[in-house]
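Residue numbers (our numbering): 319 to 643.
The beta-carbon is built from N, C-alpha and C at its ideal position, and this holds for glycine as well.
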Amino acid sequence: MSAVSPIDVPIDAATQRQLGAGERTAERSVTKRTKKRLTSRGATIASLIIAVLWTVPTFGLFISSIRPAALINTTGWWTIFQNPGFTFDNYSQVLKAGNSQLNLGQAFINSIAITLPATLIPLTLASLAAYGFAWMNFRGKNWMFIGVFALQIVPLQMALVPLLSLFSRGLNIGGVQLFAGLNASGSYTQVWIAHTIFGLPLVIFLLHNFIAELPSELIEAARVDGAGHGQIFFRIVLPLTMPAIASIAIFQFLWVWNDLLVALVFADGEVAPMTKLLAEITGGRGQDWQLLTSGAFISILVPLIVFFALQRFFVRGLLAGSTKG
């Protein structure tokens, strides 16, 4: 008995549109079922429990930060109503605490000076690169994108010493000086560059996935109207990708603000951020709980403000591209 091989049956445009409509309807039904499961009573209760478990330690940290040292050492923060006592001296003391070069108040300014450029620079470069990978044709584009994707799996610890050597000594191959050292010790420059290098691969990958999902008809219509890549990017792509950029900006901001490893290697002297100085205070003032809690709450205050200020864009960025059709 001879085998029967399938053949491709020609389909007209009307039938193709009907098949596409059926696929979109099936995708919508799957999305609705998933949404129904995520918004069920059990999921809501689980979300509330998780929110309480995350909020209680933060609330306890704040209560401990405004209690006198005597009460902190003898009673728990949950006994605040049985053993009342409040003071803001802890904050004034911890802001003045530090080493011979700077105090925590100055380190707070350093953290802002490090975090803002280290967030804006990689987002700017990554958005341009993501657009190029998504909508521009050039030789070696796919291999370059594979290289960017592969850089995400390189451990950060492996690049610290070579990068520090590059900043201090430059690049010398075969006796030829290709790149001179920055001589930027004690400045923000090498910290900005380090955070930009470490953050670019992931940011490019995430933004590329979002920009590539934009309707091709929209880009083609702009090209037909005579728009160049610059006009398409700034007038069409950038406004549409703003929710994704804002959500990624939150992650990059939090990662740089809470970073300690890069700060220990590249931020020395008078440019040290809060995380580095808090680590020193923890080692030298481990017994002063009231100062540690005050410093910890100061360190999380700015990330909380950033998250709640950009929460609307964060949610839109997470939901963008989750459904099709």
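Of the other Cβ atoms in all chains shown, fewer than 16 fall within 10 Å of the Cβ of G587; this residue is therefore exposed. Boundaries of the alpha helix (DSSP H) around N527: 507-529.
In the assembly as shown, S365 is an exposed residue. Its beta-carbon has fewer than 16 other beta-carbons within 10 Å. For F497, the three-state secondary structure derived from DSSP is strand.
Just so you know, the alpha carbons of A540 and W510 end up roughly 36 Å apart. Distance from the CA atom of I554 to the CA atom of M454, rounded to whole angstroms, is 15 Å.
Assignment of L478 by DSSP, reduced to helix, strand and coil, places it in the helix class. The three-state secondary structure of L622, taken from DSSP, is helix.
In the DSSP assignment, N490 falls within the beta strand (DSSP E) that extends over 489-491. Judged by their CB atoms, A444 and L532 are not nearer to each other than the 8 Å cut-off. Counting only residues of its own chain and dropping the five nearest sequence neighbours on each side, V620 has a CB closer than 7 Å to the CB of W575. From the listed residues A512, I367, S410, the smallest Cα separation to I616 is found for S410. Burial is judged here by how many other beta carbons sit within 10 angstroms of a residue's own beta carbon; V374 has fewer than 16 and is exposed.
A Cβ-Cβ separation of about 6 Å places A436 in contact with T514 under the 8 Å criterion. Looking only at P561, P473, T611, A567, the smallest Cα-Cα distance to V412 is reached by T611. Between I522 and the set F467, L482, P557, E535, the nearest pair of CA atoms involves F467.
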